[in-house]
Amino acid sequence: MSDSNKKLRTCPACSNQVSKKVKTCPHCGERLKRGFFYKLMVAVLGLFVAFVVLLMALPAPDKDPRLTEVNAEPPQSEVDADTWRQCKENDAYFEQLCKGKQVVWVGVIKEMKNARDIKVNVAGLGNFRVRMAERIDVTATPVDTEISFVAEVVNADGVFIRGELRDARILEVLRTASEFEDERRAEQAEAAAREAEEEAARAEAEATSCIGDLTYCESVEDFVKHNNAMAAWRYRCVERVEQASRYGDVKWGSSFMNRIQFESYEPGEWDPDAPSVTLIDRDAEVPNAFGTMERTVLRCTFDPKALAITELTAQ
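Numbering that gives the first Met the number 0 puts the first residue of the sequence shown at 0, with every later residue one more than the last.
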């Protein structure tokens with residue numbers, strides 16, 4: 000069958016060939032009926048249009064379907080918008096007009112500044128505890144079907160929440176900004192006093208041990224490993240060696256390692272009344288008169304009681 004014949008059909012009244020696209024026969028005027036496929040397409044299109052119209056007629060859902068019941072009837076506020084603005088700007092107004100009152104926002108709340116320990120009850124989601132420093136800790140506990148801020152609110156605009164909360168409210172304001180600052184200062188003073196007490200206890204413990212008093216040390220090893228002054232003595236020995244180097248700078252071991260200088264020591268005998276400690280460094284390179292670096296064993300002897308270096312040798 001040719002392509003032209005596929006586009007034609009026979010008129011049932013006059014038997015002439017006519018186009019399949021025409022609704023009436025151009026020869027006799029007979030009304031031509033549509034085929035089954037055409038009727039099916041029209042029916043499907045009609046159902047689709049009806050479905051779209053139905054969806055448009057339905058109320059738009061919330062962004063979070065779990066908040067549907069919350070958004071139905073927002074709670075009533077005991078403080079109007081103008082009064083709440085005054086309360087946010089003045090502690091005296093806050094104390095007289097807003098403290099202990101129920102304050103309601105109708106709309107989206109995204110940020111509440113200067114707030115602390117706000118508990119947010121979200122419908123079916125649990126108790127969201129919001130702290131300062133923009134951190135949210137979540138604990139799972141059943142709640143009522145409403146969103147509410149319940150806890151200590153400080154002369155604030157809002158609290159930072161990830162996402163959106165609609166029709167949120169403060170059920171009770173417990174403290175003013177000045178009360179919060181007083182409590183914060185008291186907590187800081189308590190922490191400082193506790194730290195000072197701990198530091199005093201550490202200092203007292205060190206003062207009666209080898210850590211802070213060499214007379215309590217039992218050996219050279221005990222002094223080298225535990226006494227607080229050892230870092231300073233190692234530095235003094237390094238400084239004395241560099242001052243004594245006549246031909247250039249001393250190279251202290253490998254350049255890519257954070258090595259401790261004079262890390263070794265000679266055990267020797269320990270006399271608390273006339274102590275003597277000898278530290279040893281075996282990795283230093285000292286320049287000679289010809290400019291060549293020579294690996295040298297350095298010994299630095301000092302009297303920690305007299306606070307003096309008594310001998311420095313190089314081999």
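We treat Cβ as the ideally placed atom computed from N, Cα and C, and that holds for glycine.
- C-alpha of V43 to C-alpha of E77: approximately 55 Å in a straight line.
- When the five nearest sequence neighbours on each side are left out, the beta carbons in the same chain lying within less than 6 Å of the beta carbon of T312 are those of R298, in order along the chain.
- Contact annotation, L278 with R233: C-beta distance approximately 7 Å; criterion of less than 8 Å satisfied.
- Burial check for F289: the Cβ neighbour count within 10 Å stays below 16, so the residue is exposed.
- Inter-segment contact for the region 239-254 and the region 224-231 is absent: fewer than three beta-carbon pairs are separated by less than 8 Å.
- 8 Å or more divides the Cβ of V237 from the Cβ of E284.
- Here V223 has M229, Y264 and V276 as same chain residues with Cβ atoms under 7 Å from its own Cβ, once five neighbours each way along the sequence are excluded.
- Close CB contacts of N226 within its chain, under the 7 Å cut and outside five residues either way in sequence, are with C209, I210, L213 and C216 (chain order).
- Rounded to the nearest whole angstrom, the CA to CA distance from D270 to I308 is 17 Å.
- Shown here, L46 sits in a helix according to DSSP, grouped into three states.
- For A91 and Q85, the gap between their C-alpha atoms comes out near 9 Å.
- Here Y264 is bridged, per DSSP, to L278.
- For M292, the pairing in a beta bridge is given by DSSP as P286.
- Within the model, the alpha-carbon separation for P303 versus A190 is close to 37 Å.
- In this structure, P266 keeps its C-beta atom at 8 Å or more from the C-beta atom of V296.
- Distance from the CA of A199 to the CA of T291, rounded to the nearest whole angstrom, comes to 52 Å.
- Bridge pairing for L7: S18 [DSSP].
- When secondary structure is reduced to three states using DSSP, W232 falls in the helix class.
- DSSP places K250 within a strand segment (E or B) once states are collapsed to three.
- A straight line joining the alpha-carbon of E197 with that of A204 spans about 11 Å.
- For C86, the three-state secondary structure derived from DSSP is helix.
- Judged by DSSP in its simplified three-state form, E217 adopts coil rather than helix or strand.
- Going by DSSP, T312 is part of the beta strand (DSSP E) stretching over A307 to A313.
- According to DSSP, residue pairing for C299 in a beta bridge involves L278 and L311.
- In this structure, the alpha-carbon of P286 lies about 21 Å from that of E262.
- L7 and S14 do not touch by the CB rule: their CB atoms are close to 12 Å apart, not below 8 Å.
- Between the alpha carbons of D272 and F301 lies a distance of about 14 Å.
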